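Asks:
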Amino acid sequence: MKKPYKVMALSTLIATIVAGGIMPSYASAEEPAPIYANQDLKYPSYYLGPTGLDHAMRDTKSNMLVMDLYALTMLKQADINLDGLPSVGDNLKTDIKANQNLTRENATYWLNNLKSGIITTNQNIISYDTKFQNYSRYLLQYKNDPDKLTALLTKLNGEISQNKDQVTKLVDDLKSFRGKLEKDTQNLKGNAEKIVNILTGEEAGIPLFQQQIEANKALIDENNKIYIGSSVATAFSVYLILSPFAPIGAAGLGGSIFGVVSSQQQIIKAQDQIIKLTQDISMAKLQSARLTIVQSDIKNLTDTIDKAIVSLENIKTAWDGMGTKYDSLIKSAKAVDPEFLAMDITADLDTAKDHWEQIRKYAENIQSSEISFLNK
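For what it's worth, numbering that gives the first Met the number 0 labels the leading residue of the sequence shown as 0, then goes sequentially.
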């Protein structure tokens with residue numbers, strides 16, 4: 000079946016501002032129905048389905064898309080160029096350039112390294128479903144053969160353990176990456192404060208201008224995250240446009256790409272306000288605005304990493320729970336437990352197979368979900 004790619008762009012608010020712009024491609028995935036541990040089960044303590052994976056996967060996908068959004072944005076942003084401002088010392092200019100380059104390196108590291116870890120986590124879920132569907136018929140066939148049943152359960156439990164270990168390593172890597180991003184944020188914040196202090200004396204209104212940019216950008220950022228989360232849950236189309244952080248007739252800030260929320264009037268109002276702020280802008284204000292935007296985007300990426308860590312830890316917890324149930328089954332099989340041998344687990348096994356199939360379909364859609372840039 001053709002994957003449901005939804006590539007859309009909002010009409011340009013002011014053509015001169017977004018000339019030569021870009022628009023992202025977004026593929027949506029339909030959310031699976033919630034899977035409850037005790038839903039229609041005769042023996043819930045032995046249930047081998049993917050309890051807890053559904054919500055954790057949904058959250059992981061949403062976080063991945065938001066991180067893609069900010070990482071790609073940072074790579075597309077224009078350079079902060081202070082060469083035309085003699086009041087800014089060479090050391091500070093060099094420091095700001097180095098810090099912006101570092102944000103791009105970290106954005107690239109997310110896209111080329113860490114993101115693949117999340118894709119692997121998702122692929123492991125797909126692979127496990129394949130094994131479970133293939134082996135499930137033998138679970139019934141070997142029910143009265145303790146040795147064969149134990150071997151089969153041990154093999155499946157080994158897959159669970161490997162998947163859990165992969166997620167654990169990914170969480171550790173993300174925590175380390177978060178530390179680098181936090182350092183980036185602090186460095187850029189310090190740069191911004193120095194620039195404002197230097198320019199305030201020669202350019203009236205810099206602090207107020209910076210506050211106004213921050214307030215309007217915060218509104219767009221917050222609504223963007225809400226809308227991406229909503230689209231993940233409902234498979235609605237996501238509209239993404241180039242942010243108009245540039246003056247008419249001047250080079251654009253290369254500014255950020257944002258999702259347009261359902262309440263588009265709020266977004267348009269914030270964008271219009273920024274346009275008004277930048278219509279009569281000096282070089283000092285332009286570079287101050289660029290620095291403010293870079294600082295904001297790296298902070299948003301850091302905050303989303305925190306959320307991704309939580310959702311991945313929830314996936315690890317789900318694998319842990321499944322592993323515990325397999326341990327219990329293996330123990331009962333080895334002990335040739337009469338109560339276990341007397342159980343008819345056919346219906347529960349069919350339910351588990353159905354639930355794994357639901358999760359697999361959702362996981363396959365997540366594999367093709369992305370935000371990427373297309374030339375207009």
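Here a beta-carbon is modelled for each residue, glycine too, at the ideal position from N, C-alpha and C.
Just so you know, these numbers come straight off a predicted model, no measurement behind them.
Can you have a look at residue 329 and say buried or exposed, based on whether 16 or more other CB atoms are within 10 angstroms of its CB?
Replies: In the sequence shown, counting from the first residue as 1, residue 329 sits at position 330. That one is buried.
Asks: Using 10 angstroms around the beta-carbon of residue 344, count the other beta-carbons present and answer buried if the total reaches 16, otherwise exposed.
Replies: Position 345 of the sequence shown, counting from 1, holds the residue named residue 344. Answer is buried; the Cβ neighbour count reaches 16.
Asks: Distance, Cα to Cα, residue 211 vs residue 317?
Replies: On the sequence shown, position 212 is the one that residue 211 refers to. On the sequence shown, position 318 is the one that residue 317 refers to. Computed Cα separation, rounded: 44 Å.
Asks: At which residues does the alpha helix (DSSP H) containing residue 157 begin and terminate?
Replies: The sequence position of residue 157 within the sequence shown is 158, counting from 1. Run containing residue 157: 145–199, per the alpha helix (DSSP H) assignment.
Asks: Tell me which residue opens and which closes the alpha helix (DSSP H) that residue 64 is part of.
Replies: For the purposes of this step, residue 64 is taken as residue 65 along the sequence shown, with counting starting at 1. Element bounds for residue 64: 52–75.
Asks: Which of helix, strand or coil does DSSP assign to residue 206?
Replies: One-based indexing of the sequence shown puts residue 206 at position 207. Looking at residue 206 - three-state DSSP - the assignment turns out to be helix.
Asks: Leaving out five residues on either side along the sequence, give the residues of the same chain with a beta carbon under 6 Å from the beta carbon of residue 48.
Replies: Position 49 of the sequence shown, counted from the start, is the residue given in the question as residue 48. Hits under 6 Å: 351 and 354.
Asks: Could you tell me if residue 161 is buried or exposed, where buried requires 16 or more neighbouring beta carbons within 10 angstroms of its beta carbon?
Replies: As a first step, residue 161 is located in the sequence shown; it is residue number 162 there, counting from the start. Residue 161 is exposed by the Cβ-count criterion.
Asks: Any idea if residue 310 is buried or exposed, counting beta-carbon neighbours within 10 angstroms, 16 or more meaning buried?
Replies: The residue you call residue 310 lines up with position 311 of the sequence shown. Counting Cβ neighbours within 10 Å, residue 310 comes out buried, since at least 16 surround it.
Asks: Do the CB positions of residue 322 and residue 121 come within less than 8 Å of each other?
Replies: Taking the first residue of the sequence shown as position 1, residue 322 is located at position 323. Taking the first residue of the sequence shown as position 1, residue 121 is located at position 122. No.
Asks: Kindly give me the distance between the Cβ atoms of residue 293 and residue 93, rounded to whole angstroms, as I take these residues to be in contact under 8 Å.
Replies: Here residue 293 is taken as the residue at index 294 of the sequence shown, counted from 1. Here residue 93 is taken as the residue at index 94 of the sequence shown, counted from 1. Contact doesn't hold; Cβ gap of about 16 Å is too wide.
Asks: Three or more beta-carbon pairs under 8 Å between the region 105–119 and the region 53–73, yes or no?
Replies: A contact exists between the region 105–119 and the region 53–73.
Asks: Which term fits residue 100, buried or exposed, when burial requires 16 or more other beta carbons within 10 angstroms of its beta carbon?
Replies: Sequence index remark: in the sequence shown, residue 100 carries index 101 (1-based). So residue 100 ends up on the exposed side.
Asks: Report the residue from 364, 339 and 81 whose alpha carbon sits nearest the alpha carbon of residue 145.
Replies: Position 146 of the sequence shown, counting from 1, holds the residue named residue 145. Checking every option, the nearest Cα to that of residue 145 belongs to 339.
Asks: Taking 8 Å as the threshold, find out whether the region 289–305 comes into contact with the region 175–187 through three or more Cβ pairs.
Replies: Judged by Cβ distances under 8 Å, the region 289–305 makes contact with the region 175–187, as three or more pairs qualify.
Asks: Flag this pair as yes or no: are the beta carbons of residue 358 and residue 124 separated by less than 8 Å?
Replies: Here residue 358 refers to the residue found at position 359 of the sequence shown. Here residue 124 refers to the residue found at position 125 of the sequence shown. Yes, they are a contact pair.
Asks: Comparing alpha-carbon positions, which option in 183, 177, 176 and 268 lies nearest residue 217?
Replies: Against the sequence shown, residue 217 aligns to sequence position 218. Nearest C-alpha to residue 217: 268.
Asks: Give me the Cβ distance between residue 282 and residue 88, rounded to the nearest whole Å; I'm assuming they're in contact under 8 Å.
Replies: On the sequence shown, position 283 is the one that residue 282 refers to. On the sequence shown, position 89 is the one that residue 88 refers to. At roughly 16 Å, the Cβ-Cβ gap does not stay under 8 Å, so residue 282 and residue 88 are not in contact.
Asks: With burial defined as no fewer than 16 other Cβ atoms inside 10 Å of the residue's Cβ, what is the status of residue 257: buried or exposed?
Replies: Taking the first residue of the sequence shown as position 1, residue 257 is located at position 258. With a pLDDT of only 40 at residue 257, under 50, the local geometry of the prediction cannot be trusted, and the value read off the model is given with reservation. Answer is buried; the Cβ neighbour count reaches 16.
Asks: Given residue 182, which residues of its chain have a CB within under 6 Å of its CB, disregarding the five upstream and five downstream residues?
Replies: Translated into the one-based positions of the sequence shown, residue 182 becomes position 183. No residues qualify anywhere along the chain.
Asks: If I follow the unbroken alpha helix (DSSP H) through residue 310, where does it start and stop?
Replies: For the purposes of this step, residue 310 is taken as residue 311 along the sequence shown, with counting starting at 1. Here the alpha helix (DSSP H) through residue 310 covers 282–333.
Asks: Return the first residue and the last residue of the alpha helix (DSSP H) that residue 135 is part of.
Replies: Residue 135 sits at position 136 when you count from the first residue of the sequence shown. It spans 114–140 - the alpha helix (DSSP H) in which residue 135 sits, taken as one unbroken run.
Asks: Can you give me the C-alpha to C-alpha distance between residue 306 and residue 74, rounded to a whole angstrom?
Replies: Here residue 306 refers to the residue found at position 307 of the sequence shown. Here residue 74 refers to the residue found at position 75 of the sequence shown. Approximately 22 Å, taken between the alpha carbons.
Asks: DSSP three-state call for residue 49: helix, strand or coil?
Replies: Residue 49 sits at position 50 when you count from the first residue of the sequence shown. Residue 49: coil per DSSP, three-state reduction.
Asks: Just to check my reading of the structure: residue 134 and residue 324 have Cβ atoms closer than 8 Å, yes? What is that Cβ distance to the nearest angstrom?
Replies: Locating residue 134 in the sequence shown gives position 135, counting from the first residue. Locating residue 324 in the sequence shown gives position 325, counting from the first residue. Their Cβ separation, rounded to whole angstroms, is 15 Å, which puts residue 134 and residue 324 out of contact at 8 Å.
Asks: Return the CA-CA distance between residue 90 and residue 199, expressed in angstroms with no decimal places.
Replies: Position 91 of the sequence shown holds residue 90. Position 200 of the sequence shown holds residue 199. Whole-angstrom Cα-Cα distance: 19 Å.
Asks: Could you give the DSSP three-state label for residue 85: helix, strand or coil?
Replies: The sequence position of residue 85 within the sequence shown is 86, counting from 1. Residue 85 falls in the coil class under three-state DSSP.
Asks: Can you give the Cα-Cα distance for residue 366 and residue 129, rounded to whole angstroms?
Replies: Residue 366 sits at position 367 when you count from the first residue of the sequence shown. Residue 129 sits at position 130 when you count from the first residue of the sequence shown. In a straight line, the C-alpha of residue 366 is about 16 Å away from that of residue 129.
Asks: Starting from the C-beta of residue 127, find all residues in its chain whose C-beta is less than 6 Å away, skip the five residues before and the five after it, and write them out in chain order.
Replies: Translated into the one-based positions of the sequence shown, residue 127 becomes position 128. If we look at residue 127 and ignore the five residues flanking it on each side, its Cβ neighbours are 158.
Asks: Tell me whether residue 44 sits in a helix, a strand or coil according to DSSP, three-state version.
Replies: Working through the sequence shown from its first residue, we reach residue 44 at position 45. Helix at residue 44.
Asks: If the criterion is Cβ atoms closer than 8 Å, does the pair residue 167 and residue 315 meet it?
Replies: What you label residue 167 is simply residue 168 of the sequence shown in a count that begins at 1. What you label residue 315 is simply residue 316 of the sequence shown in a count that begins at 1. The answer is yes: Cβ separation under 8 Å.
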